[in-house]
Structure formats: structure tokens, C-alpha cells
Amino acid sequence: MAEPIPAAAADDSLLRVEGLKVHFPVTEGVVVQKRVGSVKAVDGVSFALRRGETFGLVGESGCGKSTTALAVLRMLEPTAGRVVFEGQDLTRLGRAQMRPFRRRMQMVYQDPFGSLNPRMKVRDIVGEPLVVHGLATDRSAYRARVDGLMDLVGLLPDMADRYPHEFSGGQRQRIGIARALALEPSLLICDEPVSALDVSIQAQVVNLLMDLQERLGLTYLFIAHDLSVVRHISDRIGVMYLGRIVEIASRDALFAEPRHPYTQALLAAVPLPDPAREAARPHELIAGEVPSVRNPPAGCGFHPRCPEAMERCRERRPELARRSRSVVACHLYDADGGGG
Amino acid sequence: MSEAALPRIAGVSAGPPGRLAALWEFLARLGREKPLGAAGGIVFLVFLLCGIFADVLAPYGINETNLAVRLQPPSLDYPLGTDHLGRDVLSRILKGAQLSMIVSFVAAGLATVVSLVIGVVSGYFGGRTDMVMQRGVDAWMTFPDLVLLIVIVSVVGPGIPQIVLVLGLLYGIAGSRIVRGAVVSVKENMYTHAAQSIGARTFHVLRRHIVPNVMPVLIVLFTTRIGAVILTEAGLSFLGLGVPPPAPTWGAMLSGTGRTYMYLGPWLALAPGLCLTIVVYAINVYGDALRDLLDPRMRGTQ
């Protein structure tokens, strides 16, 4: 191990996730349930978000990105680890103690259709957080607040008396953002907020998010599988594979100099906009399938698919350690040279 | 019970300001978009009013026997004829509307509430709660309805309150399965999740997200149960366990005198049979219209 993982200085980190694990039991039997194993959806994830930054979390489907987000929100109980938000370890809080913190962290969802109740008017959807937290006592102030939120996300306040089905996907996503901003949170968790949208609309929503961040001083945990979107919005990026973070780096460092073989493969898979160059460049695809999270490989989770895999990759799991501009979990960069 | 019942069922969108305006708007939409449903509602309302004012409208006493005019076919004096004891069928139909409506409405209402409570608790909380409750429902449902009814009614004795209670429970528990299924599916929607992550209390989530979205199921459950209750009550009357005679319920008229004297006086069976059919049909089309109108996505279609 070289240097320890650099934790963000305590005073400017808004959210610190330390050794987060979320394991789901796998049971057999109908009446008497016997635990026969566990799915390690998230298995020891650590990262920190500084105030005002955007931390991108990328990885392919099933790597545990969304599970991490849900555990941060305490919508899933973490099996182990700590989630420190604004100096408070959330994993120790009871349901009632958790409520004030829910005001401070909100989520924007992937599916703009499923995340809005079809039987509620947009006004009630956007204002729901205010109602839930007892902030909707004054009727006219409440109306003004909802109108203001609509305006903030670029929707006309007159539209608030319509139902969600009358809006397009991009508009619905704006409604979801307005709802998330109603309580003036400090942290916004965006779980694939644009992946269900048309490309042209994606840019609008991403730009809206960036604009809002600047105006309101928000901190984003931005989950996505689309690297170009993440590159556009993130300050720092964490790459997840099989429930673990394999590399964390600033955006520029990650794209200029990806260290982990998985990160390199991910970047190589992004098509170039120019068809001629795209056709000309070599394509090195990752071989094989993602291993089952129920029965992950020993050692490094990526070794069965890794072009650089060595003996020790099969035996020992690499820990995250700082290598020049990145923090990476890979034996290639072991101090002894790894022999690769 | 009549018009006041509408906004309560329709209450999803009716806010405090202009409840009356919202009601008018709803009725206008009902007439404009769902004429058949509106007709069903009106027919149903007419029967309801007949039931309420049965004692005023009935030309004869319901138990007024006149053996001189027994088994008379419909005439000007007796618009729906008379039965084997010379009682006026119209008067008994009107009174029967009252009894059958009370029994079917209260029992179907109770059944819907029971279904809602069991279905929501079981479906929303899931896990062990769900497991225990559903096994209880399974056990209950292994008994044939009629056997349960006969046992319970013969223990507590016949009478309107008992019958309403028993039918309500019986259909309520059976229907809870359907509600539970709907709740489980609604619960998985992201908007439920969003409300929970905001910090909404369970009651808020149930009231604002779960119940409004299982409302279509509840409406259909309620309207189909009305007919079922009337028919089951008729079956009980036939066994002598229904609303005790001489009180005239439609079911009893149909299965009692109607059946016995079918060949001598077909009007005895036709009158309650037709009334039953019309009311059940009317309430069903009205329920369907209500279900569609309450869905914001259906707004402006058709």
C-alpha cells in the first residue's frame, strides 16, 4: 500500500461514505427460510463529496451504483459502513431522527414517468415535500413557493394545475427536480436523471442541473452509465465494478489517464462522434460477462475479464490506493511493480 | 346519501375551495363524457329515492293481505299485480328497494373497507405481516361462502345487522386479495419511493399515493359486490336465514313467492328479478364511468 486514501478535509466534506456494504440475503425454503448466501450489491464503498462539487458514479448496470444511492438515503439498510452527512452518521439514526436529514438530501429519479404520481396535480407533486414537513401552513405562501420552484426549473407556473401525463419526458424530469429542490437541500442524488430522455433533451436537463448548482450551491452525487454526460457535469468521478469502487479521479485525470483496466475499457467503449475515425480506431472490447454478484470471483472482481490479469489478481483483492493523480484499486500499480 | 355521496368518492381532486364547483364540474363531465354511466347513476338514484320514500309512495301496506284479489295480474289497481296472499307487489317492491339497498350498500361498503384495510396493510408492509395475514385469508377462503354464512347466521340468528356484518366480512376478506395485489404493484412505483425518501410518514404515503392509485380497483370491487350481496341475501332468504319474513327483500320475493307461483303468476318473479337486474347493471355502468373519470389520464379522451 502506498499513501492512504485521501479523505477530503473534514470541514468541507458534505457527505462521507465509509466502507459501505449492502448485502441482500438469498434464502431457500417457503415456510422455514434458510439463508444460503448473499448478494453483495455494494461491498465496501468509500468516497467523499466536497460541498459544491459534483461526484459522478459510473459503472455498468448491476454494479451497485443505485444501491449505493439508496443506502445513502437510508432507503435500504446498509449491512456495514458509515454514511456521514453534514457531520452526522446517518446509519445510527432512527426513523424519526432521520427525518430532519431527509430535508437536506433529495433524490432525482431515472424514470420521469414512474416517479410522478399520475393522480396528483403537478402543484401537489412539487409542493409535497413542503406538506410532508409541515411547511405548507400558509396557503398563499405555499402557492408562491410552488410557482417559484416551477419558474426555477424553467416551467411556467400556470402549468402547475395540470397532471403529469400532460408533460413531455424532459418537462417531467424538471418537475422531479423542482420537487427535489422544494426543501432547499444541500445534497441532490441524481440517479441516472437523463438516461431515459432523448439526447437533445438530455443536454437541456444536464445544463439545468449545472445552472442550479451554481445558483443554489448544491452538491451532486450524479449516477450514470453514460460517460459523456458524466464527463460534462462531474468534478470528480468514481468508477464502480461489482459492488466496489475501482478508481476515483478528477474528471480530467480520469479521461486523460485512466489507470484501472476496467476504466480504460469503459473509455474505449465510448464511440467517437466522427464515423470515419470511429471506424478506423481499434476496438478492444471487454471479454466475457459480468460475474454473478452472488458468487463473485476471488481476488480482484475484474480479473476474469482483465487483459492484464496476473497471478496475484486471482488471489488477493487490491485495495484503493493513491497512484499519482488517481486513487485506484489494481495490482498493476503495486509498489513492487506487480510484475505485470 | 344521494348527491353528497359523489364528491366523497370523487374526493381525489376536490379541494376545500369550491367543493360544490368541483362537484358540478364532475357531474357535467359525467354527462358529457359518459352518458351511459350518467344514465346508470340516474336510474340508481331513482331506485334509491323509491327506497327512501317507500312508505309514502306505496299505494298499499306491505303486509296488507286481501285474499279476494290473490294472484291478480298487473292492472290499474295493482300495477305489478298481487301475490298469493293478495298483497300488492308494487308496494312490496318499493319496500324491498329500501331493504335490499340498505343491505347491499352497507354490506358492499363494509366489504370494500375491510378489503382496503387488509389489502393495504398486507400489501404495503409486506414481509412477515403479509405472510401471516395472507395465510389467515387463505384459511378463511377454504370454507365455501354459503357454509360459513349458514353457520354464522344460525349462531347469531337472522336479522339485518347480522347479515350486513357477515356479508361484509365475507366479501371483504375475499376481496382483500385483489386490493393487496394492486397495492403491491403501486408500492413499487417510484413516486411511492420518492415520497418515502422525502420523509413522508406511512399514513401520508398510504393516503396520498397508495389509496388513490388502487381506487379503480376499489370502485369496481364495490359495484360488483352490490349485485353479489343482493343475490347472496336472496339465497339466504331461500334457506330461511335471510332478512326474516314478512319483510320483503327482492331476493326473498324472487326465491320465495316468485319461484313457488312462477307458473300461476309470472309477474311475481319478473318484478323483483327485473328490478335486481336493472339496479345491478346501473350501478356497474356508473362505477365504470366513475373509475374512468377519476383517472386524470383519461381526461379529454372519448
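Quick mapping for you: the protein sequence lines, in order, are chains G and X. For what it's worth, numbering that gives the first Met the number 0 labels the leading residue of the first sequence as 0, then goes sequentially. For what it's worth, numbering that gives the first Met the number 0 labels the leading residue of the second sequence as 0, then goes sequentially. Ideal Cβ placement from N, Cα and C applies to all residues, glycine included.
Run the CB neighbour count on residue i, radius 10 Å, all protein chains shown included, and call it buried at 16 or more, exposed below.
i: G/D197; result: exposed
i: G/R73; result: buried
i: X/W23; result: exposed
i: G/E52; result: buried
i: G/H330; result: buried
i: X/K33; result: buried
i: G/A279; result: exposed
i: G/V238; result: buried
i: G/V327; result: buried
i: X/M261; result: exposed
i: X/R207; result: buried
i: G/D42; result: buried
i: G/S291; result: exposed
Can you tell me which of the three DSSP states residue i falls into?
i: G/A248; result: strand
i: G/K39; result: strand
i: G/G175; result: helix
i: G/D88; result: strand
i: G/V44; result: strand
i: G/F54; result: strand
i: X/T223; result: helix
i: X/V68; result: helix
i: G/R322; result: strand
i: X/R296; result: helix
i: X/T248; result: coil
i: X/G36; result: helix
i: X/V102; result: helix
i: X/T81; result: strand
i: X/A312; result: The structure shown does not extend to residue 312 of chain X, since chain X spans only 0 to 301, so no value can be given for it.
i: X/V116; result: helix
i: G/R142; result: helix
i: G/A79; result: strand
i: X/D87; result: strand
i: G/R258; result: coil
i: G/R243; result: strand
i: G/R349; result: No answer is possible for residue 349 of chain G: it lies beyond the span of chain G, which begins at 0 and ends at 339.
Just curious, the beta strand (DSSP E) that residue i is in, first and last residue?
i: G/P24; result: S12 to E27
i: G/L220; result: T218 to A223
i: G/R67; result: Just to set this straight, residue 67 of chain G is Thr in the shown sequence, not Arg. Segment K64 to V71 is the alpha helix (DSSP H) holding G/T67; no beta strand (DSSP E) there.
i: G/L186; result: L186 to D190
i: G/V238; result: R235 to Y240
Which residue wins for smallest C-alpha separation from residue i, given the options the options?
i: X/V284; options: X/V219, X/I197 and X/A106; result: X/V219
i: G/H132; options: G/V205, G/R173, G/L182 and G/R313; result: G/L182
i: G/R94; options: X/D137, X/I197 and X/V242; result: X/I197
i: X/P58; options: X/A67, X/L70, X/F43 and X/R86; result: X/R86
i: G/D160; options: G/A135, G/D123, G/R15 and G/L217; result: G/D123
i: X/V150; options: X/T276, X/Y260, X/L238 and X/P271; result: X/L238
i: X/Y123; options: X/V213, X/G257 and X/M261; result: X/V213
i: G/R321; options: G/A308, G/E314, G/E246 and G/P306; result: G/E246
i: G/P272; options: G/S233, G/S227, G/S185 and G/R144; result: G/S227
i: X/G135; options: X/A173, X/L275 and X/L29; result: X/A173
i: G/S37; options: G/P111, G/S60, G/I244 and G/T78; result: G/T78
i: G/L180; options: G/L319, G/Q201, G/A202 and G/L208; result: G/L208
i: X/G36; options: X/A288, X/F43, X/D294 and X/R296; result: X/A288
Mind checking which residues open and close the alpha helix (DSSP H) that includes residue i?
i: X/T259; result: T256 to T259
i: G/V31; result: Segment: none, G/V31 is in no alpha helix (DSSP H) and carries neither H nor E.
i: G/S325; result: That residue, G/S325, is in no alpha helix (DSSP H); its beta strand (DSSP E) goes S325 to V327.
i: G/Q109; result: That residue, G/Q109, is in no alpha helix (DSSP H); it is neither H nor E in DSSP.
i: G/E310; result: E310 to E314
i: G/D137; result: Looking at the DSSP string, G/D137 is not in any alpha helix (DSSP H), and its letter there is neither H nor E.
i: X/V55; result: A53 to L56
i: G/N206; result: V198 to L215
i: G/E277; result: P274 to A279
i: X/T201; result: T201 to V204
i: X/T128; result: G126 to M140
Regarding residue i and the ligand PLP, is the C-beta to nearest heavy atom distance less than 7 Å?
i: G/L319; result: Summarising the ligand content, the structure contains no ligands, and the ligand PLP is consequently not present.
So that I know if they touch, is there some Cβ in chain C lying closer than 8 Å to that of residue i?
i: X/M189; result: In the displayed structure, chain C is absent; the protein chains listed are G and X.
Review point. At a Cβ cut of 7 Å, what residues of the region 143-166 of chain G count as close to chain X, listed as they run along the chain?
Key: Y162 and H164
Exercise for review: Give the residues from the region 114-136 of chain G that approach chain X closer than 9 Å (Cβ to any Cβ), ordered along the chain.
Suggested key: S114, L115, N116, P117, R118, M119, K120, D123, I124, E127, P128, V130, V131 and H132
Check your understanding: What residues in the region 191-212 of chain X have a beta carbon less than 9 Å from any beta carbon of chain G?
Key -> T191, H192, A193, A194, Q195, S196, I197, G198, A199, R200, H203, R207, H208, P211 and N212
Review point. In chain order, what residues of the region 71-99 of chain G put their CB closer than 9 Å to some CB of chain X?
Key: L72, R73, M74, M97, R98 and P99
Practice item. Could you please tell me which residues of the region 297-325 of chain G, in chain order, have their CB closer than 8 Å to any CB of chain X? Key: none
Point to revise | Selection of the region 274-297 of chain X by Cβ proximity to chain G, strictly under 7 Å | key: P295 and R296
**Study point:** Interface positions of the region 203-234 of chain G facing chain X (Cβ-Cβ less than 9 Å), listed along the chain
**Key:** Within the region 203-234 of chain G, no residue has a Cβ that lies closer than 9 Å to any Cβ of chain X.
Point to revise | Selection of the region 101-134 of chain X by Cβ proximity to chain G, strictly under 8 Å | key: Those residues of the region 101-134 of chain X that come within reach of chain G (Cβ to Cβ, closer than 8 Å) do not exist; the list is empty.
Practice item. Scan the region 235-250 of chain G for residues whose Cβ lies nearer than 9 Å to a Cβ of chain X and list them as they occur along the chain. Key: none
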